[in-house]
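Novice: Let me give you the structure first, and then I'll get to my questions.
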Ligand code: SAH
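Residue numbers (the numbering used here): 250 to 606.
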């Protein structure tokens, strides 16, 4: 048992079982043993689209520039990225925005929302030569809110904590992390959950079916939508689903392999598939229009990843095969092209954002 597991066992023995969401929060963000809190898991445990190909961040940047342009180029725009990882997406996006819409950066500001001190230091280093006005904060609601908001989030929502409820003969019971024989173990809460916690469209679930919900993600999307509804746009890309399912999707990944969720807390990356229809409903509740989700394959094709990759290959002939293989990984439905999806938020009165026609 590692040190974080021992501390979690002690916590449960004194305070009682933890919800899956509380457990996820500790595994990801504990400052001593958490996967993000204490180190950089990107590359070690998993790899993300901007780390695979520069075209991904560049197209996200062009998406921002075009959305800004389509809405009449509002003054003093604010570009926010949630969970910028190593800063690669933002570096590539800023290069593309500087070429396509230099006024956006001259007049605007960039805010990176990052909870991990380790990753924040990497972002600072990666972006230190950028001419953009860049600042950092730990939570979205700490960033100033008056300006038109353009927001990017890639593989951010999958690491927000989920709660799980399991259907039994006696109603829905929350799935918890408890201690059995001195070790962490899953258990159902003895009392049924308040029925208001489970939406009515889950009533048909079979016994053993799971309802998974990410309350923090829904609240955050609703808050983003309230600002975007006035002016701006948000682009959320992640792996996830677009219809109701009754399975659980919490997963642990360590060294690019699936691992046991409870085995080595903090040593593996914990995440859950994003429930895109639920995010879209939260966006509408916040007053914005929601577009998609569309598959990453279709989204990137619409934005012109093909011609962009060709230009890169012509400019770097010795790298042509590597560039083509990287782009294939992003768009091939057998790789990231179908599992990953894009959802966009925009004001109800604005034109459809690029890639969502
Ligand atoms: N977007 C990047 C990194 C994805 S990993 C990429 O595509 O490569 C998830 C990122 O979100 C990391 O930077 C992590 O530290 C950050 N993060 C996770 N949970 C967070 C939270 N609750 N608040 C702020 N940042 C968070």
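All C-beta atoms, glycine included, are put in the ideal place defined by N, C-alpha and C.
1. Pairs of beta-carbons, one from the segment 289 to 306 and one from the segment 379 to 393, closer than 8 Å: are there three or more?
2. Using only the heavy atoms of the ligand SAH, determine whether one of them is closer than 7 Å to the beta carbon of residue 408.
3. Roughly how many angstroms separate the alpha carbons of residue 509 and residue 500, rounded to a whole number?
4. Should residue 310 be counted as a contact of the ligand SAH given a C-beta to heavy atom distance under 7 Å?
5. Which runs of the beta strand (DSSP E), 3 residues or longer, sit entirely within the segment 447 to 504?
6. Following the continuous beta strand (DSSP E) through residue 327, name the residue where it begins and the one where it ends.
7. Helix, strand or coil: how does DSSP classify residue 388 here?
8. Please list, in chain order, all residues of the same chain as residue 498 whose beta carbon is under 7 Å from its beta carbon, the five residues on each side excluded.
9. What's the C-alpha gap between residue 479 and residue 395?
10. In terms of DSSP beta bridges, what is residue 403 paired with?
11. Report back the beta-carbon spacing between residue 309 and residue 342 to the nearest angstrom; my notes put them in contact at under 8 Å.
12. Verify whether the separation of the beta carbon atoms of residue 576 and residue 531 is less than 8 Å.
13. State yes or no: is the C-beta of residue 389 within less than 8 Å of the C-beta of residue 362?
14. In this structure, does DSSP put residue 425 in helix, strand or coil?
15. Name, in chain order, the residues that DSSP records as bridge partners for residue 540.
16. Measure the C-alpha to C-alpha separation of residue 407 and residue 307 and round it to an integer number of angstroms.
17. Are residue 467 and residue 273 closer than 8 Å when you measure CB to CB?
18. Which residue from 443, 606, 370 and 492 puts its Cα closest to that of residue 335?
19. Which term fits residue 397, buried or exposed, when burial requires 16 or more other beta carbons within 10 angstroms of its beta carbon?
20. Mind checking who residue 435 pairs with in its DSSP beta bridge?
21. Beta carbon of residue 291: closer than 7 Å to some heavy atom of the ligand SAH?
22. Given this structure, state the Cα-to-Cα distance separating residue 597 from residue 486, to the nearest angstrom.
23. Could you tell me the alpha carbon to alpha carbon distance between residue 256 and residue 353, rounded to whole angstroms?
24. Counting only the same chain and skipping the five closest in sequence on each side, list residues whose C-beta sits under 7 Å from that of residue 346.
25. Taking the alpha carbon of residue 603 as the reference point, which residue from 318, 427 and 337 has its own alpha carbon closest?
26. Leaving aside the five residues before and after residue 268 along the sequence, list all residues of the same chain whose C-beta is less than 7 Å from its C-beta, in chain order.
27. What are the boundary residues of the alpha helix (DSSP H) that includes residue 341?
28. Can you tell me which of the three DSSP states residue 307 falls into?
29. Looking at the structure shown, is residue 378 part of a helix, part of a strand, or coil, going by DSSP?
30. Between the segment 582 to 595 and the segment 532 to 539, do three or more beta carbon pairs fall short of 8 Å?
31. What residue does the alpha helix (DSSP H) around residue 588 start on, and which one ends it?
32. Would you check whether the ligand SAH has a heavy atom nearer than 7 Å to the C-beta of residue 571?
Specialist: This is what the structure holds:
1. no
2. yes
3. 8 Å
4. no
5. 459 to 462, 481 to 490 and 500 to 503
6. 327 to 331 is the span of the beta strand (DSSP E), which, as asked, contains residue 327.
7. coil
8. 461, 521 and 522
9. C-alpha separation (whole angstroms): 10 Å.
10. 486
11. Going by Cβ atoms, the distance from residue 309 to residue 342 rounds to 5 Å, so yes, they are a contact pair.
12. Not closer than 8 Å, so no.
13. yes
14. strand
15. 593
16. 22 Å
17. no
18. 370
19. buried
20. 426
21. Short note on residue 291: C-beta closer than 7 Å to some heavy atom of the ligand SAH.
22. 20 Å
23. Answer to the nearest angstrom: the Cα atoms are 48 Å apart.
24. 310, 313, 314, 353 and 354.
25. Selection 318, 427 and 337 evaluated against residue 603 yields 318 as nearest (Cα-Cα).
26. Cβ neighbours of residue 268 beyond the five flanking positions: 412, 423 and 425.
27. 337 to 349
28. Residue 307 falls in the helix class under three-state DSSP.
29. coil
30. With a cut-off of 8 Å, the segment 532 to 539 and the segment 582 to 595 count as touching, because enough Cβ pairs lie within range.
31. Careful: residue 588 lies outside any alpha helix (DSSP H) and carries neither H nor E.
32. no
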